[in-house]
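Here's the structure we're looking at; comments come further down.
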């Protein structure tokens, strides 16, 4: 009974009382913070699981769409490596525990990019990156590179799968984007992505891939009308990540056979 | 910095390119006088809240932000919406008290839309964009000021058009709000021309 | 009485078309009916619960801090709703991106709690809030239906009009997927509403007069 009294006395104070104002504010803030934090903590594992499932679902869906990969996957499966981007060599970091997103914001495991080279507007680039390969013995059949860049209003994340010549696009899958629904978000739809298959990224060492309305030729993908900034976002990020500040050195080393330490 | 400033006024105009802050935009744009008043209020709130929210995010909420207190592992990112709203609401409350004392006519004209400034998507959106694009303190200040000015410009232009529309002879059902929406649609089509323009 | 609170906001006091609240999301999420439906459900749930909670403690909310308290409660509900969506309907949450968070800034929620829930008991407040949520949903679904049908030829993802890309006759009107079309459709909707219910038309601030034809010599 006496426990209820201080509480009721507090509630009985007039609303203009400063103690009551502060008390109400603190009480509401505390209860709401508790509810939000509890929800966040309880649901975090479920959300993480969803995120990972969505991502790996995207990867498998993309791989299945590439002709001829299915048999190779049965045979050898897909291998994961961690690549040191500066040297272009496979590093000895364990891919199973490597958190690339954390590395991208860690000042010790990433490099700041000057605006002149930051084609994808990502400001920091992690020093190491995951790559996936499907190999037939020593021969690379498929190389999958994670790429990301700034779109119109969000970061676009995608997987770029290159065929054995490391130049022709086998598949391009956007697995995360927050662009304008119905417009920029079409960059994640099959219609746009299927236009990448068969295109060639570079010609004689120069990255040539571009977007245009009414795309023709080996180096052009179809521009999404009404979403040019988003489409150019995907182009710019491929330019960056396949260039000398991205996977460029690694791809060169793969061609020369010096990618493994 | 100048490029960021003029971009936030024109190409990335929060009202006409990102369609933020529409409720207030449509409701208080009947007269140029009120529109200018609301515009200036928004510039003040935006110009203060974006840098303040940046400081809060950089030193309390962001991943690794509490390192100065020895809590480098704590990530309070999910609280950012509610904290930003809190800062803006406090600023708007102060603004309401100031207006009531020094500009009662404007205060009465704004009515319920003054407290609604607290949840104006343009103000919250400005802070959320600032977080997304990783601006530092100076850039946040410029961005806050720029977006505020851009929004104020848009609502003033819109109010000017609506004032003229009052004298137009149009079907009774279309008068007022209906015509305003259609004008807003045309204005936004016009501003979409700025998208993608990048100056050296 | 109860029915009136639920039915009034559907047409006569529709929050979007009459009170001009909740416009931002009406423009942004109406490009497809499924996103519009999710937003509508989320907003109706949030506004009803918020009205109920705020109404329950309304007597004890000091005037000077009322906005912040209301906002805190609303934002909490929105964050919880967003987390629940991400945990149990991940695909849909990806499509809605930031718009669920923007429910916290939706003028309808704060507008109704400030105007009604702060001054009325919980049950009427919740009914009023639910009515407004339904009114908002109605407008959203109508606009989304028009935009999706003419912008992509689909309704809820089902192809209704065969597009030329699939060998049909329909050329989608891409402008429908851009925001200016939402403005214009809303404008036309309001015109239709006011033609049907003439008392909803705004009072003129001054009388328009027909110019008398001048007498010619």
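Chains as they are written, first to last, in this note's numbering: chain A, 93 to 353; chain B, 15 to 214; chain C, 71 to 287. No residue lacks a Cβ here, since even glycine has one placed at the ideal position from N, Cα and C. Everything numeric in this text was worked out from a predicted model, so none of it was measured.
Alpha-carbon spacing of residue i relative to residue j, whole angstroms
i                     : j                     : result
residue 333 (chain A) : residue 153 (chain B) : 27 angstroms
residue 140 (chain C) : residue 99 (chain A)  : 22 angstroms
residue 117 (chain C) : residue 143 (chain B) : 26 angstroms
residue 184 (chain A) : residue 200 (chain C) : 58 angstroms
residue 196 (chain C) : residue 143 (chain A) : 35 angstroms
residue 156 (chain B) : residue 139 (chain B) : 15 angstroms
residue 217 (chain C) : residue 204 (chain B) : 20 angstroms
residue 100 (chain B) : residue 146 (chain C) : 12 angstroms
residue 180 (chain C) : residue 85 (chain C)  : 12 angstroms
residue 191 (chain B) : residue 80 (chain C)  : 18 angstroms
residue 123 (chain B) : residue 120 (chain C) : 28 angstroms
residue 261 (chain C) : residue 31 (chain B)  : 25 angstroms
residue 330 (chain A) : residue 344 (chain A) : 16 angstroms
residue 96 (chain C)  : residue 125 (chain B) : 23 angstroms
residue 194 (chain B) : residue 16 (chain B)  : 33 angstroms
residue 25 (chain B)  : residue 191 (chain C) : 47 angstroms
residue 93 (chain C)  : residue 209 (chain C) : 10 angstroms
Candidates the options, of which the one nearest residue i by Cα
i                     : options                       : result
residue 28 (chain B)  : B:66, B:64, B:136 and B:183   : B:136
residue 112 (chain C) : C:150, C:277, C:184 and C:124 : C:150
residue 237 (chain A) : A:265, A:210, A:247 and A:304 : A:265
residue 186 (chain A) : A:172, A:229 and A:115        : A:172
residue 165 (chain B) : B:41, B:20, B:47 and B:56     : B:56
residue 136 (chain C) : A:203, A:329 and A:112        : A:112
residue 268 (chain A) : A:242, A:253 and A:197        : A:242
residue 338 (chain A) : A:254, A:220 and A:106        : A:220
residue 293 (chain A) : A:279, A:312, A:306 and A:282 : A:312
residue 289 (chain A) : A:254, A:174 and A:192        : A:254
residue 189 (chain C) : C:73, C:229, C:122 and C:230  : C:122
residue 177 (chain A) : A:188, A:225 and A:341        : A:341
residue 22 (chain B)  : B:106, B:174, B:132 and B:168 : B:168
residue 33 (chain B)  : C:285, C:253, C:271 and C:265 : C:253
Cross-chain neighbours of residue i in chain C, by beta carbon under 8 angstroms
i                     : result
residue 131 (chain A) : 149, 150, 153 and 154
residue 174 (chain B) : What residue 174 (chain B) touches in chain C: nothing, since even the nearest Cβ is about 16 angstroms away.
residue 107 (chain B) : 134, 135, 137 and 138
residue 129 (chain B) : 137, 180 and 184
residue 112 (chain A) : 130 and 132
Chain A within 8 angstroms of residue i, Cβ atoms only
i                     : result
residue 77 (chain B)  : yes
residue 267 (chain C) : no
residue 148 (chain B) : yes
residue 87 (chain C)  : no
residue 142 (chain C) : yes
residue 276 (chain C) : no
residue 256 (chain C) : no
Closer than 8 angstroms to chain B by CB, residue i
i                     : result
residue 323 (chain A) : no
residue 169 (chain C) : no
residue 197 (chain A) : yes
residue 215 (chain A) : yes
residue 183 (chain C) : no
residue 283 (chain C) : no
residue 216 (chain C) : no
Chain C contact for residue i (CB, 8 angstroms cutoff)
i                     : result
residue 349 (chain A) : no
residue 128 (chain A) : yes
Where residue i meets chain A, residues with beta-carbon distance less than 7 angstroms
i                     : result
residue 133 (chain C) : 107
Per-residue burial, residue i [other beta carbons within 10 Å of its own, 16 or more giving buried]
i                     : result
residue 275 (chain A) : buried
residue 97 (chain A)  : exposed
residue 126 (chain A) : exposed
residue 111 (chain B) : exposed
residue 133 (chain C) : exposed
residue 93 (chain A)  : At residue 93 (chain A), the pLDDT of 47 sits below 50, so the modelled position is not reliable and the matter cannot be decided from this model.
residue 287 (chain C) : exposed
residue 187 (chain B) : buried
residue 47 (chain B)  : exposed
residue 164 (chain C) : buried
residue 184 (chain B) : exposed
residue 274 (chain C) : exposed
residue 193 (chain A) : exposed
residue 191 (chain A) : exposed
Neighbouring residues, chain C, relative to residue i (Cβ below 7 angstroms)
i                     : result
residue 103 (chain A) : 130
Contact list for residue i against chain B, beta-carbon separation under 8 angstroms
i                     : result
residue 100 (chain C) : Those within 8 angstroms of residue 100 (chain C) in chain B number zero; the least Cβ separation is about 12 angstroms.
Per-residue contacts from residue i into chain B (C-beta, under 7 angstroms)
i                     : result
residue 145 (chain C) : 95, 96 and 99
Chain B residues whose Cβ lies nearer than 9 angstroms to that of residue i
i                     : result
residue 123 (chain C) : In chain order: nothing, as chain B lies at least about 15 angstroms away.
Residue i beta carbon near the ligand SAH (any heavy atom closer than 7 angstroms)
i                     : result
residue 121 (chain A) : Ligands displayed in this structure: none; no statement on the ligand SAH is therefore possible.
Neighbouring residues, chain A, relative to residue i (Cβ below 8 angstroms)
i                    : result
residue 92 (chain B) : 128 and 132
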